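Residue numbers (this note's numbering), protein chains in the order written: chain A, 4 to 524; chain B, 4 to 524. What follows is one structure encoded as structure tokens, with my remarks underneath.
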């Protein structure tokens, strides 16, 4: 073949490839975020009842991440981190009212996600994506903070947790929104029977998800579905056809219904012929809420403590990636990864460059997902509690610079984030500083953080030598965001959300009397 | 078709069927028994490092039993129960020297498996099976108690644990037998480097297993292989090609090598064309030895405590059944099952009636294995510690009639069977009697035995009403065997095992001075 002919041949191939690339719509993205579900709640992660056949099958068809982390042991900061790709300390989802406190967005919170932050759905618009959030938002409930003001085109769900029912003279029940207007409230139009645990909310969220997907397929538009369901958050609920079906009581029933729903969504993607063009990621917002007890709390498997703590049980999450034809089947990835990577990875999947005007904590995991290679083997995991860096993981080692379970006062009143798991000197009830001599654990041979490495050993010295510069570097370059979770006010509660007048659900707000929110742990 | 013709037709079919049945050799049986490996040590049971690809594949190709139990939280009684199908309290593998003590067969033990007991290999001889034990025997090391005196035709391994090295003037190193004669001793001919953890014993045991299987295939003889390897028992060891390869340190290296070996054995069965005629069962003798610390002890996943205790961590075992073409692939069975079922099930697989002159505790699991049905849904699990029935499980409920971790003296000296897991009132350091009001747990929603059910609740009363008659019935009908583990004597140690003279390995025994063995926990 002559050189010219070869060039022409290549040009033709390149042209066709370019055309193919042009014609293929960017992949759809589905992030399934569970609420307070623990690492140990899935069969594939060792739940003894093995009652999650659909999630286990998802793992068998996709990639399992046993070293996946949230950005915070509590819901709001974790969700803000997922959608911004940034640690809460950067995006403002923390409080400086007291040292190392977990803060979130109850309905008396004044703040919410800052306008300075760029959320994933806003970025995805650049490539024509339409985005929907189904379920819990939790990044602020005042009008300017709601999902449709932050890049989402659709929303079905609620701004806060489904706590209640409340005395509505004192505190309104949490509204449920359909897009920009409320369509009812929990315990009013949207029932959760706290006695029986019955609620059909998961079924509603499932149907909303399937409808959204089908509509986008019809109009051939790439979509981002953020399916943020909350049945495993207390008060735990399930619909009548799942209640009493699991070996684990009500919590297990909720898990079974979510598992089933995941199965339905994945098979719907297959049936619609878009499975090979849809990147799906399943994870949870923080560790299981062990303080809720055996009936309302999940399992963190072999890990120490749970939600609210920076031990592994508080921040290690179940995680499965699924993308038939792109992600190899049945692979376990040892990559250290976080919910913030979902921001960066989703952008990479969509072919969009990440914002370059700010520090991002998320990594692009597509090399891991698509080629099975690992990225940044030495990427650290930062465990923050409010404004304090409590611990850092590097490789298989984790160093605790501060330890705290909760205060003696709380502990004595029966609130226990580590039931049955007290490790002397580790699960402390004072905030204990170890910055000069951190407690170091080898998470490979000691995933339960029970055996601190002897400070006199060579191993300890070696680990500290590699960890210290990472921590110093991080602290030196850290620009904390303006803390959004400092001010509370009963006047800002969900008294009269948009649309309330149409359904006669407006309540009268009290006078504004802001105070410094109290975060007890 | 006339009646006569039909009869003839049927007779022909029956004749052919009978002939087929006659011609098919009874299935081979392979029991792979691990040593101190915990429920949580396999990827499929939730080990975070997910480093057991061959066992996970075995589960995917077979049946997983998340509710599988040993008969005792310690090695010797558990192994005696497996081979006799009877609880240690019946077969004599316990001590009455003190209340509720774990006893086993160190080399100063005088007793061993009673001649009154019938062991699985003896039964299997009825159908022409040849049986080999590879690895640890542990049912008594005096000549009359050895494997070849108890139904096995071949043995490669040792009668006791691979503790050592000893000062041979005081205590002989443990011999390694090839059939009826010793061929060396640990730390002498069979090295275990306690500093590096290197030993090629697992490779030797693997090769012995493969050789045995190949030889039986050559002579077309049905076989029973009891592969009782011990690399995960302290001092933990692995061969050089596995050392340093796992994320879990030396213990994980040992697990990886065993996992690899299981994979080699299964693929050898396939390559030899006998996979569909070989029933394989993988399990462990007791829970992981948490008292051995992070470097030498395994994981019991979400369960409480470990080896030596009657909490779930001490007695719930990893368990996988594999029999291509007979056991459906990828099934999870919720059947409550025990190592004693392996006796009865193996007999059923071989087509041999179990002994009818004694109480058997094992059930025939073949309906579960072959048809996926469950047998005796309400079969109880009995948790014994020495001569005491500590706890009983029925369905998802477990009642503790006695609780004990270990004594205060032991605990204060640093021996901890529940590190990082003290549950007040549950992991007690006194032997606490609860026979009048047992501690009851729901193992579905509380697999970690952390939340005793309120004794004033209706649930508690209902459970007790169904449990009490089961316990009464068991106690009423129990005929304890003569306790074999009461007497110790330095004179009976492995000074001069058969064959020692051939290799110059005979040592002189001291004078006999029997004493009442002390069992501290």
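Glycine included, C-beta positions come from ideal geometry on N, C-alpha and C. Remember, it's a predicted structure, so these values are computed and weren't measured experimentally.
CA-CA distance, residue 234 (chain B) to residue 297 (chain B), rounds to 16 angstroms. DSSP places residue 181 (chain A) in the strand class (E or B) of the three-state scheme.
Against chain B, the CB of residue 93 (chain A) has no partner CB under 8 angstroms away; the residue lies outside that interface.
Apart from sequence neighbours up to five positions away, the residues of its chain that approach residue 212 (chain A) with a beta-carbon distance below 7 angstroms are 137, 228, 230 and 268, ordered along the chain. The distance from the Cβ of residue 351 (chain B) to that of residue 225 (chain B) is about 14 angstroms, inconsistent with a contact at the 8 angstroms cut-off.
The beta-carbon separation of residue 321 (chain A) and residue 281 (chain A), rounded to 20 angstroms, does not stay under the 8 angstroms limit for a contact. Of all residues in the stretch 251-265 of chain B, only 251, 252, 253, 254 and 255 come within less than 9 angstroms of chain A when Cβ atoms are compared, listed by chain position. Nearest neighbour of residue 50 (chain B) by Cα position, chosen from A:54, A:43 and A:53, turns out to be A:43. It is roughly 8 angstroms from the alpha-carbon of residue 340 (chain A) to the alpha-carbon of residue 384 (chain A). In this structure, residue 243 (chain A) sits near residue 201 (chain A), with a CB-CB distance shorter than 8 angstroms. The Cβ-Cβ distance between residue 105 (chain B) and residue 519 (chain B) does not fall below 8 angstroms. At a Cβ-Cβ threshold of 8 angstroms, residue 154 (chain A) and residue 134 (chain A) count as neighbours. Here residue 336 (chain B) is buried, its C-beta having at least 16 other C-beta atoms within 10 Å. Residue-level contact check: residue 422 (chain B) touches chain A, since one or more beta carbons of chain A fall below 8 angstroms from its beta carbon.
Within the stretch 212-240 of chain A, no residue has its Cβ closer than 9 angstroms to any Cβ of chain B. Residue 124 (chain B) sits buried, since 16 or more C-beta atoms from the chains shown fall within 10 Å of its C-beta.
Counted as a single uninterrupted DSSP element, the beta strand (DSSP E) harbouring residue 391 (chain B) occupies residues 391-397.
Interface annotation, residue 296 (chain A): in contact with chain B, CB-CB separation under 8 angstroms. Residue 346 (chain B) and residue 52 (chain B) have their alpha carbons spaced roughly 33 angstroms apart. In the DSSP annotation of this structure, residue 157 (chain B) is not part of any alpha helix (DSSP H); the continuous beta strand (DSSP E) holding it starts and ends at 157-161.
Residue burial annotation: residue 445 (chain B) is buried, with at least 16 other C-beta atoms found within 10 angstroms of its C-beta. Boundaries of the beta strand (DSSP E) around residue 445 (chain B): 442-445.
Interface annotation, residue 302 (chain A): in contact with chain B, CB-CB separation under 8 angstroms. Judged by DSSP in its simplified three-state form, residue 41 (chain B) adopts coil rather than helix or strand. The beta strand (DSSP E) runs lying completely inside the stretch 408-459 of chain A and spanning 3 residues or more are 442-445, given in chain order. By the neighbour-count definition (other C-beta atoms within 10 Å, threshold 16), residue 456 (chain B) is a buried residue. Boundaries around residue 138 (chain B) are those of the beta strand (DSSP E), 133-139, since no alpha helix (DSSP H) includes it.
Against chain A, a Cβ distance below 8 angstroms from residue 399 (chain B) picks out 250.
Per DSSP, reduced to three states, the secondary structure at residue 496 (chain B) is coil, with no helix or strand assignment. Residues of chain A whose Cβ lies closer than 9 angstroms to the Cβ of residue 352 (chain B) do not exist, since the nearest Cβ in that chain is about 25 angstroms away. Contact annotation, residue 96 (chain A) with residue 488 (chain A): C-beta distance approximately 6 angstroms; criterion of less than 8 angstroms satisfied.
Interface annotation, residue 71 (chain A): not in contact with chain B, CB-CB separation never under 8 angstroms. By the Cβ neighbour-count rule, residue 411 (chain A) is exposed, with fewer than 16 other Cβ atoms within 10 Å of its own. For the options B:330, B:409 and B:481, the alpha carbon positioned closest to that of residue 61 (chain B) is the one of B:330. By the rule that beta-carbons nearer than 8 angstroms mark a contact, residue 465 (chain B) does not touch chain A. Secondary structure in the stretch 234-281 of chain B: the alpha helix (DSSP H) runs of 4 residues or longer, each lying completely within the stretch, are 253-274 in chain order.
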